[in-house]
Amino acid sequence: MKILGIESSCDETAAALLEVKRGVFTLKKNIVASQIAIHARNGGVIPEVAARSHILNVIPVIQKTLGTGRPDVIAVTAGPGLITSLLVGIETAKTLSYLWRKPLVAVNHIEGHVYANFLSDPSISFPALVLIVSGGHTELVLMSGHGTYSIIGMTRDDAAGEAFDKVAKMLGLEYPGGPAISRVAVQGNPLLFELPRPMIDSSDFDFSFSGLKTAVLYLVMDLVKKKKLNEQTKMDLCASFQQAVVDVLVSKTLRAALKYKVRTVLFGGGVIANLALRTQMSHIFTAHAPQITVRFPSLAYCTDNAAMIAVAGYFHALKKDFIDPKKLDARSNWEIGR
Ligand code: KG4
Ligand code: ZN
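446 is the number that the numbering used here gives the last residue of the sequence shown; the numbers go up by one with no jumps.
As structure tokens, this is what we get:
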């Protein structure tokens, strides 16, 4: 089966062609047209600018992916995300589905991040716990089987990626903030600034990052006032902020994995590209829960891409979970499993 994946939920226009033969995945093409350079000029994503760029890129990206070939199934991100961005991918997928008479699958973007884990190895032992940490989401999701999810915790305010992006802006670092902070943090002391670890000891699995972001803002204002915001204090601040986020994510993920007695822990979303997070997460599970398999998606598939949408689409197609193109619409607040 050949699956065309299409992704346009935020600021990447992406298409991918996945071939599955006797359960073996071969990613034939994976094209991402990034809008980072455009949004860096504005310091963040302006939805209308993103949508216009998707319109310009969607057909060339699909052409590069398919050449003259045709897929058997078309899978497209239908939400959550920016509505005007989503609609570009959705309308394109509907049109191709009509033209080529190929079945259409609607994929939840967060589910796509979950399935980025299966690109390298489609087998998995359930139940699994998934930590999703992206620019718009911070969620702990229990997965009892393919396509069966229940959200056990989510952020009450900012997503972790959003906090990275906002702190980077405060420090004058480039967009997107996550990679910029992690680069600068390498040379900083993570213990130098004492920052809060919001909700780290709460009995639930929810998160909150806006208090941490505000604590950094006050520190920055104080350092500016004392004329102490220099390259070194910026490095120390980035390292201390990153460590606070990592501590919360690691502690809650371990506690949830033990409570729900999962066999596997998976990760997804742009923040999962953070090396400090990956290293410390692996260490804590090796030390406290060696019986649980911990799997990360490859770095290339942490941030938004269409390969993950094609993989998720494949598992839906196996169950003939297709949607009539006339009924497909964008669901900007679509929660996984709903
Ligand atoms: O999953 P993603 O590409 O898009 C959404 O679905 O939101 O995630 C983007 C987010 C941004 O907030 C970006 O700053 C963050 O992922 N990010 C990182 C790193 N790489 C990307 N955050 C921390 N460390 C990184 N290395
Ligand atoms: Zn994403």
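Built from N, CA and C at the ideal position, the CB exists for glycine as well.
query, result
"Three or more C-beta pairs under 8 Å: does that hold for the stretch 175–191 against the stretch 321–333?", "no"
"Would you list the residues whose beta-carbon is nearer than 5 Å to any heavy atom of the ligand ZN, in the order they occur in the chain?", "S242, D412"
"List in chain order: all unbroken beta strand (DSSP E) runs of 3+ residues lying wholly within the stretch 143–227.", "181–187, 212–216"
"Any heavy atom of the ligand FMN within a distance shorter than 8 Å of the CB on G269?", "As for the ligand FMN, it is missing from this structure, which binds only the ligand KG4 and the ligand ZN."
"State the start and end residues of the unbroken beta strand (DSSP E) segment that holds I380.", "No beta strand (DSSP E) holds I380; DSSP gives it neither H nor E."
"Could you check the C-alpha separation between L174 and I444 for me, to the nearest Å?", "29 Å"
"The alpha helix (DSSP H) that contains L426, what's its start and end?", "415–426"
"For the alpha helix (DSSP H) containing V128, list its first residue and its last residue.", "Note, V128: premise wrong, no alpha helix (DSSP H); beta strand (DSSP E) at 120–129."
"K336 by DSSP, collapsed to three states: which one?", "coil"
"Do L248 and I232 have their CB atoms nearer than 9 Å?", "no"
"Mind checking A347: buried by the 16 CB within 10 Å criterion, or exposed?", "buried"
"Rounded to whole angstroms, what is the Cα-Cα separation between E127 and F301?", "49 Å"
"Applying the 10 Å Cβ sphere with the 16-neighbour rule, what's the burial state of D266?", "buried"
"Is V379 near the ligand KG4, in the sense that its beta carbon is under 8 Å from a heavy atom of that ligand?", "yes"
"Going residue by residue through the stretch 271–300, where are the continuous alpha helix (DSSP H) segments of at least 4 residues, counting only ones entirely within it?", "285–293"
"Use the C-beta contact count for N138: other C-beta atoms within 10 angstroms, 16 or more gives buried, fewer gives exposed.", "buried"
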